[in-house]
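Undergrad: Residue numbers are given in our numbering: position 8 of the sequence shown equals residue 11, and the series is strictly consecutive.
For glycine and all other residues, C-beta sits at the position ideal for the given N, C-alpha and C.
None of the values given here were measured: they were computed from a predicted structure.
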Amino acid sequence: MSKHRENQHKPARAGRLVTVGKTDAVPPGRGATVKLKDGGEVALFNVDGKFHAIENFCPHKGYPLADSRLYGATVECDLHGWRIDVTTGECLTKKECSLEAYEVVVEDGWIKILV
């Protein structure tokens, strides 16, 4: 059995928009951790002024991704270098280990994530 978290069936989300902060709080080329009320975490990234959100852990060893290096639209895990496309959640290192991506909406300078 693989040590990595491979794709699993996930339950449908409730579909509510959660306001997480102002756009100027996450500069271009950076990420931020968003803590949800249910205890979960989302990694929010600013790619050239467009915001993207994915699960905040590397599928390899569970390391948080929000503070890892961002190269264009690809985040590289600081622990072992696994690479994930932040626009889709696709794991570029091992395709079957992709992450869930969340819809992000910006309204009047506020970032909202559909959870």
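Can you give me the C-alpha to C-alpha distance between S71 and T26, rounded to a whole angstrom?
TA: In the sequence shown, counting from the first residue as 1, residue 71 sits at position 68. In the sequence shown, counting from the first residue as 1, residue 26 sits at position 23. Each residue's alpha carbon lies about 19 Å from the other.
Undergrad: What residue range does the beta strand (DSSP E) around A56 cover?
TA: For this step, residue 56 is matched to residue 53 along the sequence shown. That run of the beta strand (DSSP E) goes K53 to E58.
Undergrad: How many Å lie between L82 and Y66 at the Cα?
TA: Taking the first residue of the sequence shown as 1, we reach residue 82 at position 79. Taking the first residue of the sequence shown as 1, we reach residue 66 at position 63. Cα to Cα, L82 sits roughly 7 Å from Y66.
Undergrad: Cβ atoms of G92 and E79: under 8 Å apart, would you say?
TA: As a working note, residue 79 is residue 76 in the sequence shown. As a working note, residue 92 is residue 89 in the sequence shown. No, these two residues do not count as a Cβ contact at 8 Å.
Undergrad: Nearest by alpha-carbon distance to L73: which of G32, T90 and K53 is it?
TA: On the sequence shown, position 70 is the one that residue 73 refers to. The option with the nearest alpha carbon to L73 is G32.
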